[in-house]
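A short write-up of the structure that comes next.
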Amino acid sequence: MTRREAIHGSAVVQPDPHVAWIEIDGEGVLFDERSGALHVLNPMGMLLWQCLDGSATLSEIAADCAAVFDVDLARARRQVLELARDLSELGLIDSAPARTLGAEAAKTPPPDGPSFLDEPPDT
Amino acid sequence: MKSEAGGFRAFDFSFSVRMPSSALARWLDHVLSALASGSDAEHRYELDAAGRLCLDGDPLVTGSTIRHGVEQLLWHINQRAVASLPANAVLHAAAVSRNGIGVILPAPMESGKTTLATALVLAGFGYLTDEAVSFDVDSLDVLPFPKPLSIDRGAWRLFPELEPRLDRAITGAVPDQWQVAPDDIRPGATAASCHPSILVFPRRDHERPTSLVPIGRGMAVRLLAQNCFRFRDEGRRLLPVLADVARHCECYVLDVDDVDTAVELVTKVTDAAVASVSR
Numbered sequence: 000m001t002r003r004e005a006i007h008g009s010a011v012v013q014p015d016p017h018v019a020w021i022e023i024d025g026e027g028v029l030f031d032e033r034s035g036a037l038h039v040l041n042p043m044g045m046l047l048w049q050c051l052d053g054s055a056t057l058s059e060i061a062a063d064c065a066a067v068f069d070v071d072l073a074r075a076r077r078q079v080l081e082l083a084r085d086l087s088e089l090g091l092i093d094s095a096p097a098r099t100l101g102a103e104a105a106k107t108p109p110p111d112g113p114s115f116l117d118e119p120p121d122t
Numbered sequence: 000m001k002s003e004a005g006g007f008r009a010f011d012f013s014f015s016v017r018m019p020s021s022a023l024a025r026w027l028d029h030v031l032s033a034l035a036s037g038s039d040a041e042h043r044y045e046l047d048a049a050g051r052l053c054l055d056g057d058p059l060v061t062g063s064t065i066r067h068g069v070e071q072l073l074w075h076i077n078q079r080a081v082a083s084l085p086a087n088a089v090l091h092a093a094a095v096s097r098n099g100i101g102v103i104l105p106a107p108m109e110s111g112k113t114t115l116a117t118a119l120v121l122a123g124f125g126y127l128t129d130e131a132v133s134f135d136v137d138s139l140d141v142l143p144f145p146k147p148l149s150i151d152r153g154a155w156r157l158f159p160e161l162e163p164r165l166d167r168a169i170t171g172a173v174p175d176q177w178q179v180a181p182d183d184i185r186p187g188a189t190a191a192s193c194h195p196s197i198l199v200f201p202r203r204d205h206e207r208p209t210s211l212v213p214i215g216r217g218m219a220v221r222l223l224a225q226n227c228f229r230f231r232d233e234g235r236r237l238l239p240v241l242a243d244v245a246r247h248c249e250c251y252v253l254d255v256d257d258v259d260t261a262v263e264l265v266t267k268v269t270d271a272a273v274a275s276v277s278r
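Printed below as a string of structure tokens:
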């Protein structure tokens with residue numbers, strides 16, 4: 000199973016301890032001390048990043064987002080899972096094993112949401 | 000004949016240089032004139048006629064030609080200057096200022112930093128550095144490092160008036176790059192410490208017209224980090240410092256095809272910032 004496939008709605012994740020980050024104007028800048036890689040999160044990505052605190056499942060976070068932003072729950076779930084999968088693939092988040100379940104994973108559609116990671120202009 | 004040059008101070012690195020001839024010592028005193036400290040140096044380089052370079056008696060270059068030794072000397076001064084402020088965030092960047100507005104130009108080597116800085120100083124900006132920008136830990140002020148502008152052969156045609164007039168005795172001994180003291184561009188060109196207000200990330204691009212495009216501060220922090228000395232090892236400590244710098248600045252990417260247009264664009268946003276401060 001790839002890191003990406005391991006992320007599903009019942010997963011509980013948290014920032015990897017090797018990742019330093021700051022928020023600026025709503026955007027996030029993440030620095031992976033192991034690889035030296037830098038990543039920029041757009042404001043929505045940063046908001047979600049700050050919700051990945053190792054206590055709530057991704058489904059719970061999606062439900063909160065759907066309620067707060069008054070968006071469709073299925074859409075919110077897709078977007079939260081897409082971000083978490085991107086972050087997991089980059090090694091920026093860890094699972095919090097005690098609450099990692101598997102049942103909802105199989106029901107989750109493949110990611111098709113927007114990217115939360117910004118790239119420099121024209122690179 | 001005197002062959003000692005200095006003392007000089009580059010950030011917190013204080014040094015003098017014993018050169019192999021008085022003519023070379025005069026040349027070094029001239030090109031490093033903006034770094035002259037007027038005080039005794041803490042460290043001493045010695046360069047001999049065989050190109051051997053030592054610092055405080057320790058060999059740095061075992062010798063080949065005087066020119067190679069001089070090139071290594073100038074390179075080593077930059078390295079020691081950057082290392083002299085270990086607590087500070089230090090960027091690989093040029094910097095200029097106008098009416099107290101600091102314009103920082105972070106970019107990797109060969110991105111045209113020196114060319115742009117030279118053109119901006121010719122246009123009336125004050126000179127801070129063409130190589131390394133250090134931010135004061137507490138105030139975030141930009142500390143001047145007014146080393147000579149090192150102008151590559153490819154940019155000579157843009158600034159023919161800056162061609163150094165060298166003593167014939169040293170033409171084979173000095174680097175192939177022009178080493179231009181800031182006062183040779185304009186007397187009094189060196190600027191004082193100032194607050195960073197504008198971040199411009201120059202990119203040499205001959206495929207599209209010269210343009211200055213605003214970018215978000217998150218992206219600016221990423222680009223700052225990519226041009227920050229020691230960031231790979233000390234990123235956790237330096238990331239908040241770079242974010243503080245970006246919070247105080249307008250941020251742009253500058254695609255440079257034509258230098259004159261680039262200068263016009265940077266001047267325009269700087270003048271707007273000056274006007275904004277004075278309102």
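Chains as they are written, first to last, in numbering that gives the first Met the number 0: chain A, 0 to 122; chain B, 0 to 278. Ideal placement from N, C-alpha and C gives every residue a C-beta, glycine not left out. Given the structure is predicted, the values throughout are model-derived calculations rather than measurements.
For residue i, go through chain A and note every residue whose CB falls closer than 7 Å to its CB, in chain order.
i	result
residue 245 of chain B	23
residue 111 of chain B	Here the premise fails: no neighbours, minimum Cβ distance about 17 Å.
residue 239 of chain B	21
Quick one: using the 10 Å Cβ neighbour count with 16 as the cut-off for buried, is residue i buried or exposed?
i	result
residue 108 of chain B	exposed
residue 85 of chain A	buried
residue 138 of chain B	exposed
residue 147 of chain B	buried
residue 187 of chain A	With chain A covering 0 to 122 only, the question about residue 187 of chain A has no answer from this structure.
residue 67 of chain A	exposed
residue 101 of chain B	buried
residue 58 of chain B	exposed
residue 8 of chain A	buried
residue 274 of chain B	exposed
residue 173 of chain B	buried
residue 186 of chain B	exposed
residue 105 of chain B	buried
residue 249 of chain B	buried
residue 263 of chain B	exposed
residue 100 of chain A	Model confidence at residue 100 of chain A stands at a pLDDT of 48, short of 50, so the residue's coordinates are unreliable and nothing is read from them.
residue 276 of chain B	exposed
residue 70 of chain A	exposed
residue 26 of chain A	buried
residue 36 of chain A	exposed
Would residue i and residue j be called neighbours here (beta carbons separated by less than 8 Å)?
i	j	result
residue 121 of chain B	residue 184 of chain B	yes
residue 44 of chain A	residue 82 of chain A	yes
residue 31 of chain B	residue 7 of chain B	yes
residue 144 of chain B	residue 133 of chain B	yes
residue 58 of chain A	residue 76 of chain A	yes
residue 103 of chain B	residue 116 of chain B	no
residue 63 of chain A	residue 12 of chain A	no
residue 80 of chain B	residue 114 of chain B	no
residue 193 of chain B	residue 135 of chain B	no
Going along chain A, which residues have a C-beta under 8 Å from residue i?
i	result
residue 224 of chain B	28, 30, 37
residue 235 of chain B	19, 30, 32
Taking residue i as part of the beta strand (DSSP E), name the residues at either end of that continuous run.
i	result
residue 132 of chain B	131-134
residue 210 of chain B	210-213
residue 105 of chain B	100-105
residue 33 of chain A	Segment: none, residue 33 of chain A is in no beta strand (DSSP E) and carries neither H nor E.
residue 94 of chain A	92-94
residue 80 of chain B	Per DSSP, residue 80 of chain B belongs to no beta strand (DSSP E); it is in the alpha helix (DSSP H), 65-82.
residue 303 of chain B	Limits of chain B in this structure are 0 at one end and 278 at the other, which puts residue 303 of chain B out of reach.
residue 3 of chain B	3-9
residue 50 of chain A	Note, residue 50 of chain A: premise wrong, no beta strand (DSSP E); alpha helix (DSSP H) at 42-50.
What does residue i touch in chain B if you count any residue whose Cβ is under 9 Å from its own?
i	result
residue 117 of chain A	215, 217, 218, 221
For a contact defined as C-beta to C-beta under 9 Å, what are the partners of residue i on chain A?
i	result
residue 229 of chain B	Within 9 Å Cβ-Cβ: nothing; residue 229 of chain B doesn't reach chain A, min ~12 Å.
residue 333 of chain B	Residue 333 of chain B lies beyond the residue range present for chain B, which begins at 0 and ends at 278; the question has no answer from this structure.
Go to residue i, then tell me how far its alpha helix (DSSP H) extends in each direction, as first and last residue.
i	result
residue 184 of chain B	181-184
residue 26 of chain B	21-30
residue 125 of chain B	Looking at the DSSP string, residue 125 of chain B is not in any alpha helix (DSSP H); the run it does join, the beta strand (DSSP E), is 125-128.
residue 268 of chain B	258-277
residue 250 of chain B	Element bounds for residue 250 of chain B: not the alpha helix (DSSP H) but the beta strand (DSSP E), 249-255.
residue 237 of chain B	230-246
residue 68 of chain A	57-68
residue 41 of chain B	Premise fails: residue 41 of chain B is in no alpha helix (DSSP H) and is neither H nor E.
residue 120 of chain B	112-121
Would you call the segment 211-222 of chain B and the segment 13-20 of chain A in contact, with 3 or more CB pairs under 8 Å? Taking a cut-off of 8 Å for Cβ pairs, the segment 211-222 of chain B and the segment 13-20 of chain A do not touch, as fewer than three such pairs fall below it.
Counting Cβ pairs, one atom from each stretch, are 3 or more of them under 8 Å apart for the segment 213-226 of chain B and the segment 63-73 of chain B? No: fewer than three Cβ pairs fall under 8 Å.
Do the segment 3-22 of chain B and the segment 38-57 of chain B make contact, defined as three or more Cβ pairs closer than 8 Å? yes
Using 8 Å as the Cβ pair cut-off and three pairs as the minimum, do the segment 162-170 of chain B and the segment 222-229 of chain B touch? no
Taking 8 Å as the threshold, find out whether the segment 247-258 of chain B comes into contact with the segment 195-203 of chain B through three or more Cβ pairs. yes
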